[in-house]
Amino acid sequence: MAHSKSAKKRIRVAERNRQRNQDVKSRVKTMAKKVLAAIETKDVEGSNAALSVAYKEFDKAVSKGILKKNTASRKKSRLAAKVNAMNA
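So that you can map any letter, position 60 of the sequence shown is 59 in numbering that gives the first Met the number 0, and since no number is skipped, the others follow by simple counting.
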């Protein structure tokens, strides 16, 4: 257990940041799952709309430093490829 005042504060700050990061990651995963669900139901308009929302969430996560840029790009690319394959 931390003894100094600054160490106790770091514990509080780290927990707050961990919680925030967890929330953002969860939101990103949920949006990706919505895209995949729309693809499974062959909903073209729904999948395109969900993909747009997912892109926004990925970009937010990158700007907050929660996901790396290349990780988000890879995930966005894979989702887009699935949507495009369905549209073709």
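We put the beta carbon where it would ideally sit given N, CA and C, even for glycine.
Source: prediction; values computed, not measured.
- At the C-beta level, Met30 and Val61 stay beyond 8 Å of one another.
- Between Tyr54 and Lys75, the gap from beta carbon to beta carbon is short of 8 Å.
- For Ala1, there is no enclosing alpha helix (DSSP H), as DSSP marks it with neither H nor E.
- In terms of Cβ geometry, Phe57 and Leu50 do not form a close pair [threshold 8 Å].
- Following the DSSP letters along the chain, one finds Lys41 in no alpha helix (DSSP H), marked with neither H nor E.
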